Structures are given as structure tokens and as C-alpha cells.
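Novice:
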Amino acid sequence: MNSNSLEIERRFLILRPPEPELAARCSHVYHMEQTYLLSPPHQTERVRRREGADGVAFFHTVKIDRSAITRLEQEEEITPEAYDAYLTRRDPMTETIRKTRYCLPEGPYTFEIDFYPFWPRCAVMEIELPREDTPFRFPDGITVVRELTGDRRFSNAALSRHIPAESELI
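Throughout the sequence shown, residue numbering follows numbering that gives the first Met the number 0, covering 0 to 169 in sequence.
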């Protein structure tokens, strides 16, 4: 896979739904590790290891900011050897982010819900949309605390540098 496209994404802080019920509704569940690499301002570069029922895959991604909601995304699947080579460029000011991603289909879209080990009560839910103003409906059983779109403090890249205490979120 090699893609070069606009990523139009909305993100939300949610209360963690019960894991077994959520997993039963999801099309995929992945365990991920994301490591951020040294990159220029207004650009994020990372590698990701993703493990799921379909096996293990590795990705290299570059994201360039266009607006609070839209970024240019260049992503390609890479070999384990390329992944290891990219890791030598890890940003020393960051920690690897580990999370479990639940892919929840809802109508024409799939919501991605990320559970992080450092937040036992909260999770981050995101949806990719075709346009910035596209309407959508939240999945049943999801409690939205607030929208995080445009708040870079809650991007995975920012979380790799500083994790806010969960008590500050709710």
C-alpha cells in the first residue's frame, strides 16, 4: 500500500465503553505501537507496528498540516527491516505510543477508537470524512466528553511527548 491523500479527520475524547461489548461490534481490533521520528515543523513523521487477526504489518507515515482538520498524508506499508531502520531516527524527546484500536463501522463511516494504557476511563475516537463539513452520527453507546479536533495537545505525536493526567480531561 502506498497512499498520498488528504486526511480530513475529527477527533473526540470519549468515556471508555466496556471493552468486550465494543470488540463484539468492531470489524477489526489492532494492537499498535507508534514511534515518532525527527521531522521539520508542521510535519509529523512516524512508523507504526500494527498487529491484528490478519497478522503484523508495518507502516511509515508523513503528515503535513493544511488546517486544524485537514492534513496531507503519505503512508506506505514497509518491511520489518525498513521499520527497524526508521527506528534509528526516533525523536529522542518522545516515547513510543502503545494503544489498542477498535474499528467500529457506523453507516458509511468507520470510527476508530483508541484505548491507551495510561487512561483507564477515557479513550480517543476519530472519524475520517470526505469533506470538513460532512455531517455524521455518533455510534450508539458512546459518551462524548468533548471534541479534540484541532487541539494538537491530544495528537498521538503530542502524547508521545507529554501525557496529560486523566483527571485533567474530564
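All C-beta atoms in this analysis are idealised placements derived from N, C-alpha and C, irrespective of residue type, glycine included.
No experiment lies behind these values; they were computed from the predicted model shown.
Pull up the distance between the alpha-carbon of Arg65 and that of Leu71, whole angstroms please.
Specialist: Here residue 65 refers to the residue found at position 66 when the sequence shown is read from its first residue. Here residue 71 refers to the residue found at position 72 when the sequence shown is read from its first residue. C-alpha separation (whole angstroms): 7 angstroms.
Novice: Counting C-beta neighbours from all protein chains within 10 Å, is the total for Ala122 16 or more, i.e. buried, or is it exposed?
Specialist: Position 123 of the sequence shown, counting from 1, holds the residue named residue 122. Per the 10 Å Cβ criterion, buried.
Novice: Specify the secondary structure class of Phe137 as computed by DSSP and reduced to three states.
Specialist: Here residue 137 corresponds to residue number 138 of the sequence shown, with the count starting at 1. Reduced to three states, the DSSP call for Phe137 is coil.
Novice: Rounded to whole angstroms, what is the Cα-Cα separation between Arg89 and Ser38?
Specialist: By 1-based counting over the sequence shown, the position of residue 89 is 90. By 1-based counting over the sequence shown, the position of residue 38 is 39. Going from the Cα of Arg89 to the Cα of Ser38 covers about 10 angstroms.
Novice: Tell me the DSSP secondary structure of Pro171 in three-state form.
Specialist: Lying before the first or after the last residue shown, residue 171 is absent from the chain, which here runs from 0 to 169.
Novice: Which residue's Cα is closest to the Cα of Tyr82: Val55, Leu14, Ile7?
Specialist: By one-based count along the sequence shown, residue 82 stands at place 83. Ranking Val55, Leu14, Ile7 by Cα distance to Tyr82 puts Val55 first.
Novice: Report buried or exposed for Glu111, applying the criterion of at least 16 other Cβ atoms within 10 angstroms of its Cβ.
Specialist: Here residue 111 corresponds to residue number 112 of the sequence shown, with the count starting at 1. So Glu111 counts as buried.
Novice: Label Asp113 either buried or exposed according to how many other C-beta atoms from any shown protein chain fall within 10 Å of its C-beta, with 16 as the threshold for buried.
Specialist: Here the question's residue 113 lines up with position 114 in the sequence shown. Under this definition Asp113 is a buried residue.
Novice: Do Tyr29 and Arg9 have their CB atoms nearer than 8 angstroms?
Specialist: Indexing the sequence shown from 1 puts residue 29 at position 30. Indexing the sequence shown from 1 puts residue 9 at position 10. It is not a contact, given that the beta carbons lie outside the stated cut-off.
Novice: Under three-state DSSP, which class holds Ala170?
Specialist: Since the first and last residues shown for the chain are 0 and 169, residue 170 lies out of range.
Novice: Taking DSSP as the reference, what is the three-state secondary structure of Ser166?
Specialist: Residue numbering aside, residue 166 sits at position 167 when the sequence shown is read from its first letter. Here Ser166 sits in helix by DSSP.
Novice: So what does DSSP say about Glu18, is it helix, strand or coil?
Specialist: As a first step, residue 18 must be located in the sequence shown, where it is residue number 19. Three-state result, Glu18: helix.
Novice: Do Thr43 and Leu86 have their beta-carbon atoms positioned less than 8 angstroms apart in this structure?
Specialist: As a working mapping, residue 86 is identified with position 87 in the sequence shown. As a working mapping, residue 43 is identified with position 44 in the sequence shown. No, the Cβ-Cβ distance between Leu86 and Thr43 is not below 8 angstroms.
Novice: Considering Tyr35, what are the terminal residues of the alpha helix (DSSP H) in which it resides?
Specialist: Against the sequence shown, residue 35 aligns to sequence position 36. Element bounds for Tyr35: not the alpha helix (DSSP H) but the beta strand (DSSP E), 27-36.
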